[in-house]
Every structure is written in C-alpha cells, then in structure tokens.
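Please read the structure below before turning to the comments.
In our numbering, the protein residues as written are 4 to 525.
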C-alpha cells in the first residue's frame, strides 16, 4: 500500500511513476491494465495510530535504511507486456523484516528507478524515461487529432496574382469555356475543303489574327484564309493546314497532302469546358492553376488564412543574424517559418522560463491560427514547454512511442492549436510533417500529407526498442534508407521522405514500405 499527498503523487507522475493504493493480489492485474513498465508491491508501517501491526512484507526503522532494504527486497512482482514475474524474497537477498517508523515517499521514487527490471537486462534511468506513461502509440496520437474538433481556418479573398502557393477555401469551377469559339491551333491557312480535290487549288481571301474581325465572314467551298495561332476560325472552316504544308502563289493555294477534317482546329471548350473543376477545396495554387484562373478572368481568389507564430525556446539561442559568439543561432525558427508560408511571425528566442513561455503562448494564441514552439520539449529540468502549454491550455498528448517523433506534442491554448517541436533538426522537421500537417489537414478538410509506397532498396534491421523513423531518398523508384539520427543535417539535405518501421523487425530488400514526402509544407 502507498500513502502519498496530492503533491507527491504529481511529483511521481512527472517522473513516470504512478502511485496506487491497492491489495497485493490486484497489483498485477492493475499494472497490466495501465500498461505499466514495472510494478512493485510493498507495505509500510504507520505509527500515526496506536494499532500494533505485524509486518506483512517489509518495514524499516529509518529513511536511509528504507532505501537500502527496499532496494534489496521490496520488489516482489513485475508486470510487463501482460505478464507478471514473481521473485521470492529470499532470492533477492533480503534480511528479516523489522518493525519501525513510516518512511517518506522521496525514497520510493529513487528506489523504483533503481529497481525496475525489463526482460533482457536491467532498465536504465533513460530507458524508464523513454517508456514513461506520457508516451502513447503514434496510432493513438493520430486518433486524438482526428477526434478533436478543430475550427476551420478563416477564409480571405486575395488578388489572383498574389494567390500563388496558397490553398483555396472552396471549390473553384470554370465560368467560361476556353477557347470561347473555334480557333486555329497553328499558323497556316484555314480551308473549306473541296471534297473531290482536297489538295486544291484554293482561293485565298484575306487573313485573320487573334485581334481581327475579318474571320467573321463565312468561307465558301474552295476558299482559304491566311490565319495565325489563336485566331478565330471563319464559319464553314473544317481544316487548317500549316504554312510549311502548303504553297501559295498570289491568291492561289496548293496543299502538299490532303488534310483531314478537323485538322489543327481547337474546338470550343477543348481546353476548359464551362463548369469544369479548376481547384478543389484545400488544394494549393500552383503556377498552372494560376494561369487557368487568369485565363478565366478571375480577379480575386478565396483562400485559407494561416497566421502562424513560431516561438523558439532555449537559453542558448540568439536570433538568426545576431551578434556572432553570443550564443547558438536560431536556425530552426526560419526553417519552420519558411515551410509554413509567408504569414509566419518568427518570435525572438525565449528563455527556459515556464512563466515567460506561458505568457508568450497566451499572447501568440490570440493573434494566430497556429502556434509552433521549438525546443524545451523533453523531460529535463529546463524543458518547460509542455508544462507551460498544460498550464494555460491543454495537451492532446505529450509524445509518442516512435523514435525521432517521440517528444513532439500537440496542445490547444484557447481555441488555437499548439504544435510542440523538439529542438533537434530532423525531429522538428518530421514532427511538423506528421503532427503539424495532420492538424492543418483537419482545419482545411483535405489531407495535406503526401504518401507513396516504395520498395526498400536494401535490407533494414530495426534494433531500437521503439518503432523508428528513418529518412529516405527515392533512388530509381526505390526507398534508400539514410543514416539514422535526430540531428543529421547532412542526411536531411539528401532526404525527400521518411518512413516508420516496426521495432524488432527485419525488412527484406524490395519489401514495400509507406513513405511520407518531405518539404510539402502548407
């Protein structure tokens, strides 16, 4: 049994320890239900009442002795992966239990760290932290993002010429057919064919240009008109022959080869028919869509507004372009701002101060559609970001059980999503593509993450304890795995995607994997 104050319970939970009060017989079942890494059964004496209690498992006379004796003999069952292992007290080398005074909970935290055991060898302090109960599977994190009701991004109208690279907020359709009438696809001669003598001779009756009106007069059988590309065809035209395929002698025209009906003619609506879909909701305007919109005479375009505040966090950081030697330049802030678009505001680096970060989060959430923090996302003493988010808002999750992505988190302050990025380059970029684009996909109603299935270029053995993210490069239609690491700048220069592979698996060359494309941004 465990008796703790509310503050001590919170302290335990920050360290990945869940204090409970239950009978020993229920401990294994309860630990399996919680997905605990390890569970320890113990009892303590309590001298605050007058009852004389015989020792059940272990009691001690002093706080110092509690740490030593508890480490030797207190752990009697371990729950892991749905299986409970029991170790007899004698095997642990314990001494005879002694009665004594109740001891404090600070010892419990220390002892549980030192005595946790995992199959295959002792668990280190770092291993315990890696698999603490704040990390959830990536699939669970995705479900939480899908289940949360994010507000749709606001819609704004922008001039068409300034809309390149932005995402339209509703479906856009063609309001006119292009071309609006029958046009010549080539420079040459528009003909009304002679059925019995298609090569001519034809009589040339003037010329036509895109801006001229001479093409309004219908052609009679056996007549031709000199015409340029894009000019409207006279009524009665049923073929166009190119200049190099005909010989003109004054008003007389001879065609080298018999033309076919409809040759080199653009029919009405052949490029775009009226009512055709130009852009779907959430689709990015590329140069080709920009050209189509301008050809339609569209003057303004409805797009999603995305105002982003990027908050780098770290005592060691100085603003990019600042005085050399004063600290580490903030290179991640400009990178993330560039990936998310022109409407990003890059905040000067914040110190590792929870109160300062909390105030900055509240202020940024009021002026932004998305807040992105960089750094301070781990579990060290100076990693204050997630605590600040939880203080002024809420966290949907604190991290995932996938290497590289594990310390990325998503929260909400007010009604504004907050994306917590780790301070390592590869982690920050991939968390932005995985969690950040997922959140934005929910807000625009369209999947923004881009995937493809590629065969592996070589065999891969995933020896990490967690599912692991690997940077990839498409080489001749196969995914080549790049060197693993959270801060591999050189590898990120060569990467065009990343994949997530299951821990403990060995993948064969040619085995298909799912690759998410990098550098897609918003």
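For every residue, glycine included, the Cβ atom is placed at its ideal position computed from N, Cα and C.
Please name the residue, chosen from the options, that lies closest to residue i on a Cα-to-Cα basis.
| i | options | result |
| --- | --- | --- |
| residue 270 | 223, 344, 437, 181 | 181 |
| residue 140 | 509, 185, 519, 402 | 402 |
| residue 336 | 428, 369, 170, 458 | 428 |
| residue 341 | 161, 485, 432 | 432 |
| residue 165 | 257, 436, 292 | 292 |
| residue 307 | 484, 510, 448, 468 | 448 |
| residue 506 | 280, 156, 155, 405 | 405 |
| residue 256 | 277, 196, 282 | 196 |
| residue 470 | 485, 498, 236, 508 | 508 |
| residue 254 | 511, 262, 424, 203 | 203 |
| residue 190 | 199, 169, 212, 178 | 212 |
| residue 192 | 274, 233, 489, 295 | 233 |
| residue 246 | 392, 178, 194 | 194 |
| residue 417 | 373, 434, 455 | 373 |
| residue 283 | 261, 309, 323, 451 | 451 |
| residue 289 | 167, 382, 334, 409 | 167 |
| residue 420 | 395, 430, 408 | 395 |
| residue 158 | 333, 151, 170, 152 | 170 |
| residue 487 | 274, 478, 365, 503 | 503 |
| residue 371 | 390, 343, 397, 384 | 343 |
| residue 524 | 200, 512, 499, 367 | 499 |
| residue 142 | 512, 437, 453, 475 | 437 |
| residue 398 | 412, 223, 214 | 412 |
| residue 410 | 380, 386, 385 | 380 |
| residue 425 | 454, 407, 414 | 407 |
| residue 137 | 501, 324, 390 | 390 |
Can you look up residue i in the DSSP assignment and give me helix, strand or coil?
| i | result |
| --- | --- |
| residue 524 | coil |
| residue 183 | coil |
| residue 506 | coil |
| residue 359 | helix |
| residue 332 | strand |
| residue 274 | coil |
| residue 344 | coil |
| residue 215 | coil |
| residue 296 | helix |
| residue 306 | strand |
| residue 598 | With the chain represented from 4 up to 525, any question about residue 598 goes unanswered, as that position is not in the structure. |
| residue 475 | strand |
| residue 196 | coil |
| residue 238 | coil |
| residue 518 | strand |
| residue 324 | coil |
| residue 150 | helix |
| residue 201 | coil |
| residue 258 | strand |
| residue 290 | helix |
| residue 367 | helix |
| residue 250 | strand |
| residue 143 | helix |
| residue 494 | helix |
| residue 511 | coil |
| residue 156 | coil |
| residue 162 | strand |
| residue 315 | strand |
| residue 338 | helix |
| residue 170 | strand |
| residue 108 | With a pLDDT of 36 at residue 108, under the threshold of 50, the modelled position of this residue cannot be trusted, and the question is left open. |
| residue 485 | coil |
If contacts are defined as beta-carbon pairs under 8 Å, then residue i and residue j qualify, I think. What distance do you get, rounded to the angstrom?
| i | j | result |
| --- | --- | --- |
| residue 472 | residue 375 | About 19 Å separates the two Cβ atoms, so there is no contact after all. |
| residue 229 | residue 210 | 4 Å |
| residue 388 | residue 360 | 6 Å |
| residue 317 | residue 356 | Rounded, the Cβ-Cβ distance is 11 Å, inconsistent with contact. |
| residue 148 | residue 442 | 6 Å |
| residue 153 | residue 468 | That pair is no contact at about 33 Å. |
| residue 160 | residue 305 | 6 Å |
For the ligand GTP, is there any heavy atom lying closer than 6 Å to the beta carbon of residue i?
| i | result |
| --- | --- |
| residue 336 | In the structure on display, the ligand GTP does not appear, and there are no ligands present to speak of. |
Is the Cβ of residue i closer than 7 Å to any Cβ of chain D?
| i | result |
| --- | --- |
| residue 346 | Absent here is chain D; the protein component of the structure consists of one chain. |
**OP:** Would you be able to state if there are at least three C-beta pairs under 8 Å between the segment 167–176 and the segment 224–240?
**Re:** no
**OP:** Report the residue ranges of all beta strand (DSSP E) runs contained in full by the segment 374–457; include only those spanning at least 3 residues, in chain order.
**Re:** 397–400, 412–416, 419–424
Original post:
Does the count of Cβ pairs from the segment 458–469 and the segment 501–520 closer than 8 Å reach three?
Top reply: yes
Original post:
Is it true that the segment 265–280 meets the segment 197–209, where meeting means three or more beta-carbon pairs spaced less than 8 Å apart?
Top reply: no
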